[in-house]
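In what follows, a single structure is set out as structure tokens and then discussed.
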Amino acid sequence: MVAVLSIVLIAVLAYRFFYSSNKQTSDNNFFEAKEQQNKDKKEKKKETDKDTWKKYDDEIKFPILMYHHISEVVDGNTLFVPQKEFEEQMKSLHDAGYYTLSPEEAYRVLTKNEKPAEKIVWVTLDDGYVDNMKNAKPILDKLNMKATINIIFNMKDGVDKMTDDMLQEINKDKLISLESHTMDHIDLQYATPDTAKYQLEASKKGLDELLKQDTSVICYPSGRYNDSTPELAKNAGYKLGITTNPGLASASNGLYTLNRVRVAYGNNAQSFMNLIDQGQ
Ligand SMILES: [Zn+2]
Numbered sequence: 001m002v003a004v005l006s007i008v009l010i011a012v013l014a015y016r017f018f019y020s021s022n023k024q025t026s027d028n029n030f031f032e033a034k035e036q037q038n039k040d041k042k043e044k045k046k047e048t049d050k051d052t053w054k055k056y057d058d059e060i061k062f063p064i065l066m067y068h069h070i071s072e073v074v075d076g077n078t079l080f081v082p083q084k085e086f087e088e089q090m091k092s093l094h095d096a097g098y099y100t101l102s103p104e105e106a107y108r109v110l111t112k113n114e115k116p117a118e119k120i121v122w123v124t125l126d127d128g129y130v131d132n133m134k135n136a137k138p139i140l141d142k143l144n145m146k147a148t149i150n151i152i153f154n155m156k157d158g159v160d161k162m163t164d165d166m167l168q169e170i171n172k173d174k175l176i177s178l179e180s181h182t183m184d185h186i187d188l189q190y191a192t193p194d195t196a197k198y199q200l201e202a203s204k205k206g207l208d209e210l211l212k213q214d215t216s217v218i219c220y221p222s223g224r225y226n227d228s229t230p231e232l233a234k235n236a237g238y239k240l241g242i243t244t245n246p247g248l249a250s251a252s253n254g255l256y257t258l259n260r261v262r263v264a265y266g267n268n269a270q271s272f273m274n275l276i277d278q279g280q
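Just so we're aligned, residue 1 is where the sequence shown starts under the UniProt record's numbering, counting upward by one.
Written out as structure tokens, the structure reads:
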């Protein structure tokens with residue numbers, strides 16, 4: 001009887017010992033798996049920190065803002081937006097969580113249908129006025145917002161437009177991009193193909209050399225172009241062309257005929273944000 005009981009006891013002890021050591025192993029496996037999972041998550045997080053771009057199913061549409069002078073209005077000219085209004089508008093964008101795009105980022109949005117933030121905007125200023133640096137730049141700096149200035153290559157006079165020296169200095173700034181607005185600001189809609197080709201190619205070459213960059217955007221003077229302009233722009237080496245066609249920009253505009261939102265003077269924060277939402 002005692003012998004039988006002893007055998008049973010030994011069996012029970014042996015079973016418990018075996019079971020608990022087994023459980024230990026499986027616990028270890030569990031913790032190891034958990035640790036691995038956390039490690040994976042951490043690595044993934046690092047990746048997303050590096051690149052927060054997100055792909056979308058629906059075509060991405062976003063405003064490309066068009067400014068000219070940032071200065072007190074002269075003779076009711078709608079090309080002027082006072083510094084105070086510009087500041088209010090940039091602040092509204094900033095406070096609403098808008099991310100300002102560089103030309104390269106705009107190209108990525110339009111070609112890959114992905115964006116770095118829920119709300120995006122591309123701020124452009126045409127003609128290369130000195131007041132852009134005097135009046136707009138301090139505001140962009142303060143809010144850490146990017147903008148693109150479109151330069152007329154043969155009109156860099158230092159009077160109201162920036163000089164070569166100014167442009168070279170500005171180009172070191174990571175918030176500002178300088179792109180082409182042709183050689184002489186002629187109407188490309190009525191230009192002969194040879195003239196248009198020259199205006200597009202020579203201004204790109206000039207900026208490329210002056211600024212040691214690959215100029216990638218052409219801004220058509222007065223936003224005008226004809227059926228052959230997009231092809232000429234592409235052949236000249238540009239990646240994007242921007243117009244004055246009203247509305248939000250999207251890939252379906254065509255990469256060389258992108259809509260822009262004209263900002264004239266006289267907007268308050270509310271009317272400006274409506275403009276941003278609707279594109280016109
Ligand atoms: Zn212009």
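Glycine included, each C-beta is placed from N, C-alpha and C at the ideal position.
1. Tell me which residue opens and which closes the alpha helix (DSSP H) that Ser271 is part of.
2. Rounded to whole angstroms, how far is the Cβ of Val81 from the Cβ of Val263, which I believe are closer than 8 Å?
3. Quick one: using the 10 Å Cβ neighbour count with 16 as the cut-off for buried, is Ile233 buried or exposed?
4. Quick check: the Cα distance between Lys23 and Asp51, rounded to an integer number of angstroms?
5. Count the other CB atoms within 10 Å of the CB of Val121; is the residue buried (16 or more) or exposed (fewer)?
6. May I ask which residues mark the beginning and end of the beta strand (DSSP E) holding Asn245?
7. Would you decide whether Pro230 is buried or exposed? Buried here means 16 or more other CB atoms lie within 10 Å of its CB.
8. Just the Cα atoms here: how many angstroms apart are Lys46 and Lys115?
9. Using the beta carbon as the reference atom, which residues fall closer than 6 Å to any heavy atom of ligand 1, ordered along the chain?
10. Using the three-state DSSP reduction, which class does Lys161 fall into: helix, strand or coil?
11. Please name the residue or residues paired with Trp53 in a DSSP beta bridge.
12. Quick one: Cα of Thr163 to Cα of Leu110, how far?
13. Out of curiosity, what's the CA-to-CA distance linking residue 281 and Leu248?
14. Using the Cα positions of Lys174 and Lys146, report the straight-line distance between them to the nearest angstrom.
Inspection of the coordinates gives the following:
1. 269 to 278
2. About 6 Å; that satisfies the 8 Å criterion.
3. For clarity, residue 233 is Ala in the given sequence; the question names Ile instead. So Ala233 ends up on the buried side.
4. In this predicted model, Lys23 has a pLDDT of only 46, less than 50, meaning its place in the structure is not dependable enough to derive any value.
5. Buried.
6. 240 to 246
7. Only buried fits Pro230, as 16 or more other CB atoms lie within 10 angstroms of its CB.
8. In this predicted model, Lys46 has a pLDDT of only 45, less than 50, meaning its place in the structure is not dependable; the value taken from the coordinates is given anyway. Straight-line Cα distance between these residues: approximately 18 Å.
9. Asp126, Asp127, His181, His185, Pro221
10. Lys161: strand per DSSP, three-state reduction.
11. Partner(s): none; Trp53 has no beta bridge.
12. So the two alpha carbons sit approximately 32 Å from each other.
13. Absent from the structure is residue 281, since the part of the chain shown begins at 1 and ends at 280.
14. 8 Å
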